[in-house]
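Those protein sequence lines, which keep their order, are chains W and U. All residue numbers for the first sequence refer to the numbering used here, where the first residue is 118 and numbers rise by one. All residue numbers for the second sequence refer to the numbering used here, where the first residue is 1345 and numbers rise by one. Report on the structure given below.
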Amino acid sequence: MTTPRAFLIVESEWRYYKRTWRGTVITTWLRPILFLLAMGVGLGTLIDRTADQALGGAGYLAFLAPGLMAASAMQTAITDSSWPVRTGIKWRKHFWAQISTPVTPDDILNGLMIWVFIRLVFVSTAFAVVIWAFGAAPLGRGLTAVPAAVLCGMAFASPMAFLAAWFKEDSTMIALFRFSLIPLFLFSGAFFPIDRLPDFLEPLALVSPVWHGVDLCRSITLGTPLTLSLWVEVGYLLAVTVVGWWAAIRQLRKTLNL
Amino acid sequence: MVESLVVGRGLSKKFGDFTAVDDIDFDIYPGEAFGFLGPNGAGKSSTMRMIGAVSPATSGRLSVLGMDPRTEGIKIRGRLGVVPQEDNLDRELSVYENLLTHGRYFHMKKAEIDLRIDELLEFVQLSERRDDRVDLLSGGMKRRLIIARGLINEPDLVILDEPTTGLDPQARHVVWDRLYQLKREGVTLIITTHYMDEAEQLCDRLVVMDKGRIVAEGSPRELLERYSTRDVLEMRFDADQHLQAMPVIEEVAERTEELPDRVMIYTHNADEVAAYLARRDIHPISTLIRRSTLEDVFLRLTGRQLIE
Ligand SMILES: Nc1ncnc2c1ncn2[C@@H]1O[C@H](COP(=O)(O)OP(=O)(O)OP(=O)(O)O)[C@@H](O)[C@H]1O
Ligand SMILES: [Mg+2]
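Listed below in structure tokens is the structure:
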């Protein structure tokens, strides 16, 4: 049987990654460690003295860690799907070389999404290990949360791939990053429960896929009930992923097969 | 009758309201080198992208290797080699990795690609640079590498969009040599260029495009016969000499063209014209006699003005 063409794209992403992996070690391992140290341990000891039941009764570190796991899957997904699409079209231009072969825009996008999926599994697993090392969750529970974090990441990866193929200028994408990433991250529910947000912001946080990911991961590691039902939260993340994927394929066809 | 490898009928390409390729017809036969000539913006690359099955035609019929690019693009591209106008090598990867990656897209096995890479690097004289990053190559080396990359799948038809633009004379001759060699092996070549000497050297037949249309078609020789004379005299005059000379020149020339700094005289016999002008006491500051080239045809057909 011949390899599906999307996997040929995964293969070349891997070949490229082997050249550039060093930079990702820092984000994969150092980011969770630094965050958990500063926010979880440092800030956490202060919070734990005064916290009431708002955090679900667990210590702040245990509350924060699963939320960060989902939020950091989101960050990895966003950078790993938007820049490759941008550079593939505009800077490295390797998409143009790829479509001159039997590879199609659909294959490119599918391959890229599979690659991001693999990266998310790896990054989230590393996160679970760090959480365990900090004593914030048992390893088994942390690993059980990996699929939820990965799904959360995918719900950002595919819409971002669409946007990256759709924008005409890099500056539009940079502006989007600048104005949306930080609020998404801060108001994801990772740092504090979103019912503490002003009322007008709360629905916004609920629409953002990252909150669903945070809620899922947290419920798994803490063993607390979900805010909404499992099917709603998973269904929502899946729906966003699928719609984003579909939009991204359509846009990439338009951009490349002019 | 030989069956055409590529057929275009009433082929057009529009970008919004702008017509880049305007109702062109052409036939490309197996084993020939076919040229698309034309000034900047004539629509050459747009046509190449349609033939390369990556850009759907707006209207008209196109058949490549007997297949329809709209429905059988994947199959077509599998048998095609493409050398794009714009460099899209992966700069961060090595020469070898660039070729390997590209070969894999054709579902070739790694061992098979490795053999092919050795052959191709030999062919484009880059064997020593096999493990260097593409970043480190000169412009001419990159061009040769892109040509090698386009041949990785042993294509039946190779599309070369300005294969030698930006190369020094040595590198151009290396590329031409290689293209001849391919042609001898029976590979069909489609070449776009605005170098007339390149077209004369390489192309069995060509079309001249201008503003999206085909304005002439034939072998380089046919085009020369049809649109130019055998010889050209380029003469420079003083300002007052110039006025006196023109009527006399008109008597003997097939066609003349006055440029700011010289007069071009098209004739079938340059020596006779030169002798006649001397007898009539016309003495230019300088005279250059040369054979007419495709460039004269090209300029006659597409004009001397820059359109952009
Ligand atoms: N994607 C596009 N969108 C809009 N216009 C385009 C697009 N691609 C090409 N064009 C226009 O179509 C015309 C033909 O372009 P094309 O690249 O085919 O010319 P060309 O003959 O290859 O020129 P050159 O010798 O400069 O490479 C140009 O006016 C160009 O601006
Ligand atoms: Mg061009």
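Just so it is clear, CB atoms sit at the ideal spot from N, CA and C, and this is done for glycine as well.
Check                                                                                                                                      : Outcome
Cβ pair count under 8 Å reaching 3, the segment 1484-1501 of chain U against the segment 1435-1443 of chain U                              : yes
Closer than 7 Å: Q1514 of chain U CB and nearest ligand 2 heavy atom                                                                       : no
Distance, T193 of chain W Cα to L1424 of chain U Cα                                                                                        : 37 Å
C-beta contact flag for G1379 of chain U and I1368 of chain U at 8 Å                                                                       : no
Residues proximal to ligand 2 by C-beta, any heavy atom closer than 7 Å                                                                    : U:K1388, U:S1389, U:Q1429, U:D1505, U:E1506, U:T1536
Contact set between the segment 1373-1405 of chain U and chain W, restricted to residues whose Cβ is under 7 Å from the partner            : G1396, V1398, S1399, P1400
Cβ of Y177 of chain W within 8 Å of any chain U Cβ                                                                                         : no
CB contact flag (A250 of chain W, A262 of chain W, <8 Å)                                                                                   : no
D197 of chain W beta carbon less than 8 Å from that of A123 of chain W                                                                     : no
Residues that DSSP places opposite V1408 of chain U in a beta bridge                                                                       : U:V1350, U:M1411
Listed by chain order, chain W residues near I1418 of chain U by CB distance under 8 Å                                                     : P219, T221
Neighbourhood of S1356 of chain U by C-beta distance below 7 Å, restricted to the same chain and skipping five residues each side          : T1363, V1365, D1366, D1367, A1401, T1402, S1403, G1404
Classification of D1582 of chain U by the beta-carbon crowding that lies within 10 angstroms, buried from 16 upward                        : exposed
Contacts around I216 of chain W, its chain only, beta-carbon distance under 7 Å, and the 5 residues preceding and following it disregarded : P222, L373
G1379 of chain U CB to nearest heavy atom of ligand 1 below 7 Å                                                                            : no
Segment contact, 8 Å Cβ cut-off, at least three pairs: the segment 1527-1535 of chain U with the segment 1373-1390 of chain U              : yes
Buried/exposed call for E1652 of chain U, threshold 16 Cβ in 10 Å                                                                          : For E1652 of chain U, the predicted model reports a pLDDT of 46, less than 50, meaning its position is unreliable; a value from the coordinates is still stated below. Result: exposed.
Cβ pair G1447 of chain U, I1496 of chain U closer than 8 Å                                                                                 : yes
Exposure of W328 of chain W, with buried meaning 16 or more beta-carbon neighbours within 10 Å                                             : buried
Where V1552 of chain U sits in the DSSP three-state scheme                                                                                 : strand
Whole-angstrom distance between I231 of chain W and T137 of chain W, CA atom to CA atom                                                    : 18 Å
Of the listed residues W:G161, W:N227, W:P121, W:L125, nearest to W362 of chain W (C-alpha basis)                                          : W:N227
Alpha-carbon to alpha-carbon, E1466 of chain U and A1455 of chain U                                                                        : 17 Å
Nonlocal neighbours in the same chain, by C-beta distance under 7 Å from P201 of chain W, ignoring five residues either side               : L229
Helix, strand or coil at V1559 of chain U [DSSP, three-state]                                                                              : strand
Within 8 Å, strictly: CB atoms of L178 of chain W and G161 of chain W                                                                      : yes
Cβ of I216 of chain W within 8 Å of any chain C Cβ                                                                                         : Absent from the structure: chain C. Protein chains present are W and U.
Residues bridged to K1358 of chain U [DSSP beta-bridge criterion]                                                                          : U:T1363
8 Å Cβ cutoff, S275 of chain W in contact with chain U                                                                                     : no
Between the CA atoms of G252 of chain W and I337 of chain W - distance to the nearest angstrom                                             : 15 Å
C-beta neighbour in chain W for G1422 of chain U, strict 8 Å                                                                               : yes
Nonlocal neighbours in the same chain, by C-beta distance under 6 Å from R1634 of chain U, ignoring five residues either side              : V1576
beta-carbon L1645 of chain U near ligand 1 non-hydrogen atom, thresh 7 Å                                                                   : no
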